[in-house]
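Enquirer: One point on numbering: in numbering that gives the first Met the number 0, the residue at position 47 of the sequence shown is 46, and numbering is uninterrupted. Just so it is clear, CB atoms sit at the ideal spot from N, CA and C, and this is done for glycine as well.
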Amino acid sequence: MGLVTYAPGIQFIKGSLAKPKKIDGHNHGDYLIGTHREAPTTNPNCTRLYIRKATTYERTTAPNSNELWARTRFAAVAAAVKARKEDLMNVNTDKQNFLAQKDDANGKKTFKAYLWSICAAAYDQAHPRS
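Structure follows, in structure tokens:
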């Protein structure tokens, strides 16, 4: 095991230090990932550095039917939320309904979350999953 020492003034790094770049259809370089253990321990060496191949995070299997359904639903609901947010005919009604339910125990706390819940319920009702 190697001990990682960074430049003076840098105690530790958490996250990616370098990522591969895709040029002309293939990857150049690898991932360089720094970690820092925060759990209590008596070992003073709590910093690690990992190198991962550029293909580490590439998907190896095709999406299954549940994933495809979730992607389709997300795209449709996101488009409905965007359209509803920009619809000036219903914005006042939506804001009044949002404020009425906001302080309820199961109420949505943000306007965007409220719109997502309404549009998701409408999508689920129009497209029942068998």
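At what residues does the alpha helix (DSSP H) containing A99 begin and finish?
Expert: Against the sequence shown, residue 99 aligns to sequence position 100. Segment V90 to Q100, the alpha helix (DSSP H) holding A99.
Enquirer: Taking I50 as the reference, give the member of P7, T34, D29 and E37 with the closest Cα.
Expert: Locating residue 50 in the sequence shown gives position 51, where the first residue counts as 1. Taking only the C-alpha atoms, the option nearest I50 is D29.
Enquirer: From N26, W115, Q124 and L16, pick the residue whose C-alpha is nearest to that of K84; which is it?
Expert: Reading the sequence shown from its first residue, position 85 is the one you call residue 84. Among N26, W115, Q124 and L16, the Cα nearest to that of K84 belongs to W115.
Enquirer: Leaving out five residues before and five after T55 in sequence, what residues of the same chain have Cβ atoms less than 7 Å from its Cβ?
Expert: On the sequence shown, position 56 is the one that residue 55 refers to. Counting only Cβ-Cβ distances below 7 Å, and skipping sequence neighbours, we find Y30.
Enquirer: How is the beta strand (DSSP E) around Y30 delimited, first residue to last?
Expert: On the sequence shown, residue 30 is found 31 positions in, with the first residue counted as 1. Its beta strand (DSSP E) spans residues Y30 to H35.
Enquirer: Please classify V76: is it buried, with 16 or more other beta-carbons within 10 angstroms of its beta-carbon, or exposed?
Expert: Reading the sequence shown from its first residue, position 77 is the one you call residue 76. So V76 counts as buried.
Enquirer: Per DSSP, what are the beta-bridge partners of R133 in this structure?
Expert: Nothing can be reported for residue 133: it is not among the residues displayed for the chain, which extend from 0 to 129.
Enquirer: Report all residues from its chain with a CB closer than 8 Å to the CB of C45; omit the five preceding and five following residues, and keep chain order.
Expert: Residue 45 sits at position 46 when you count from the first residue of the sequence shown. Cβ neighbours of C45 beyond the five flanking positions: F11, H35, R36 and E37.
Enquirer: Under the three-state reduction of DSSP, which class applies to T46: helix, strand or coil?
Expert: Against the sequence shown, residue 46 aligns to sequence position 47. Strand, per DSSP.
Enquirer: Just checking my contact of A69 with C118 at CB under 8 Å: how many whole Å lie between their CB atoms?
Expert: Position 70 of the sequence shown, counting from 1, holds the residue named residue 69. Position 119 of the sequence shown, counting from 1, holds the residue named residue 118. Not really, about 15 Å apart at Cβ, beyond 8 Å.
Enquirer: Going by CA-CA distance only, name the one from K107, S15, P19 and H126 that's closest to L48.
Expert: For this step, residue 48 is matched to residue 49 along the sequence shown. Ranking K107, S15, P19 and H126 by Cα distance to L48 puts S15 first.
Enquirer: Could you name the residues that DSSP lists as bridge partners for I21?
Expert: As a working mapping, residue 21 is identified with position 22 in the sequence shown. At residue 21 the sequence reads Lys, which differs from the Ile that was named. K21 pairs with N26.
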